[in-house]
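Protein chains in written order, with numbering that gives the first Met the number 0: chain A, 0 to 167; chain B, 0 to 167.
Protein chains: 2
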Amino acid sequence: MYHLLYPLRSYLIVSGHQKTNVMTADWLTILSKEPFIIGVAISPKRYTYRLIKESGEFVVAVPTLEILGDVWVAGTKSTPDKLKYMKISFIESEKVKTKSVKEAVANLECKLIDERNYGDHTFFVGEVVHFMYDGEAFKNMVPDLKYKFLAHVAMNEFTTFEEKIYEC
Amino acid sequence: MYHLLYPLRSYLIVSGHQKTNVMTADWLTILSKEPFIIGVAISPKRYTYRLIKESGEFVVAVPTLEILGDVWVAGTKSTPDKLKYMKISFIESEKVKTKSVKEAVANLECKLIDERNYGDHTFFVGEVVHFMYDGEAFKNMVPDLKYKFLAHVAMNEFTTFEEKIYEC
């Protein structure tokens with residue numbers, strides 16, 4: 000009944016040195032502001048699991064509605080072979096050997112600092128050692144909802160945010 | 000620069016046995032499907048931190064736009080004194096002594112199974128031992144976007160989801 004916490008944002012997890020793989024993950028959270036630490040739960044069945052174990056790194060890329068098709072492929076197909084069905088491209092990262100996603104509005108480069116097994120997933124904890132982002136999509140540190148950040152509703156259903164802000 | 004992962008869903012964390020406290024948390028994720036395990040990052044400065052340590056329990060309540068005012072108070076004021084500024088009410092939970100929120104569309108009762116310090120927050124990991132939910136808001140395990148689930152954009156700005164589904 001994890002659906003009770005949905006919709007959740009969908010992110011792309013890039014991993015691998017020799018070969019670059021990319022998968023979609025909704026089970027991701029911020030853990031600390033300073034230092035900036037995040038965590039993502041990944042099933043040991045995923046190819047990405049093995050690549051993160053091997054490399055001790057991963058990159059979190061922030062997709063928008065524009066690349067929803069790729070987010071779907073990355074979440075449903077396995078191994079880097081899936082890339083032939085996708086249109087995104089990779090660029091060099093700054094502080095890790097794992098690549099970043101050119102078409103993402105932000106890329107967070109993470110070095111693995113902890114991993115914990117919880118039930119059917121492993122929680123990979125990474126310190127964000129560098130980030131790149133589109134200054135228009137995050138002006139003054141505030142995400143601009145015009146950029147249509149993706150959220151996963153259920154199965155093959157995604158949504159995005161109203162462009163209306165409710166001020167408290 | 001944790002803002003790069005925003006907007007994020009906002010949830011209410013209920014804690015305490017003798018006295019009930021409630022705070023707002025965005026830094027929450029699912030960790031495992033079976034068993035159903037979730038985790039939430041909470042600053043040691045928060046009153047909730049002490050209550051979860053003492054009781055070994057917490058409840059995650061899912062708020063909607065209807066109680067945004069309370070979500071804001073719960074996130075910005077401290078100690079159970081804040082409740083006098085709020086309109087939500089508490090009901091008995093089923094499997095934990097910590098109360099649930101009557102006005103939430105779902106309540107997930109958690110027993111603490113792990114805690115880890117990451118930077119400036121502690122990550123509390125709980126097994127969901129029971130849940131209650133509004134069957135209209137989650138028909139066939141799919142959240143109905145008509146219910147206007149809350150997402151935090153920045154500071155005092157919140158939003159909710161488009162009622163449009165993009166099918167892959």
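A virtual CB, placed ideally from N, CA and C, is assigned to each residue, including glycine.
Determine, using beta carbons only, whether residue i comes closer than 8 Å to chain B.
i	result
A/G125	no
A/K32	yes
A/E53	no
A/T47	no
A/F57	no
A/V95	no
A/A73	no
A/H120	yes
Which residues mark the beginning and the end of the alpha helix (DSSP H) in which residue i is found?
i	result
B/A73	67-75
A/K52	46-54
Can you name the residues of chain B whose CB is closer than 9 Å to the CB of residue i?
i	result
A/E156	V141, I164, Y165, E166, C167
A/A103	Within 9 Å Cβ-Cβ: nothing; A/A103 doesn't reach chain B, min ~10 Å.
Using the beta-carbon of each residue, which ones in chain A are nearer than 7 Å to residue i?
i	result
B/Y117	L30, S31, I36, V124
B/L107	L3
B/L67	Y165, C167
Beta strand (DSSP E) containing residue i: first to last residue?
i	result
A/Y132	120-132
B/Y10	10-14
B/E161	Where B/E161 is concerned, there is no enclosing beta strand (DSSP E), given that its DSSP letter is neither H nor E.
A/M22	20-24
A/E108	105-117
A/V152	150-153
For chain A, is any of its Cβ atoms less than 8 Å away from the one on residue i?
i	result
B/P6	yes
B/M22	no
B/Y146	no
B/L64	yes
B/T78	no
B/L11	no
Which bits of chain A does residue i rub up against, with CB to CB less than 8 Å?
i	result
B/V61	L3, L4
For residue i, which residues in chain B fall below 8 Å Cβ to Cβ?
i	result
A/Y84	Residues of chain B passing the Cβ test: none, with the nearest at roughly 12 Å.
How about residue i: is its C-beta nearer than 8 Å to some C-beta of chain E?
i	result
A/H129	The chain labelled as chain E is not found among the protein chains of the depicted structure, namely A and B.
Could you round the C-beta distance between residue i and residue j to whole angstroms and report it? I think they count as a contact, below 8 Å.
i	j	result
A/W26	B/L4	A/W26 to B/L4, Cβ: 13 Å. No contact.
A/F130	A/L149	Contact flag wrong, Cβ pair sits at about 18 Å.
A/S9	A/P79	Contact flag wrong, Cβ pair sits at about 20 Å.
Name the chain A residues whose beta carbon is nearer than 9 Å to that of residue i?
i	result
B/L27	L4, T28
Evaluate the contact criterion for the stretch 107-122 of chain B versus the stretch 33-41 of chain A: three or more CB pairs, one atom per stretch, below 8 Å. yes
Would you check if there are 3 or more beta carbon pairs closer than 8 Å linking the stretch 38-49 of chain B to the stretch 49-65 of chain A? no
At least 3 beta-carbon pairs within less than 8 Å: the stretch 64-71 of chain A vs the stretch 83-96 of chain A: yes
Would you call the stretch 16-25 of chain B and the stretch 150-166 of chain A in contact, with 3 or more CB pairs under 8 Å? no
Can at least three beta-carbon pairs, one atom from the stretch 14-23 of chain B and one from the stretch 94-102 of chain B, be found at a separation below 8 Å? yes
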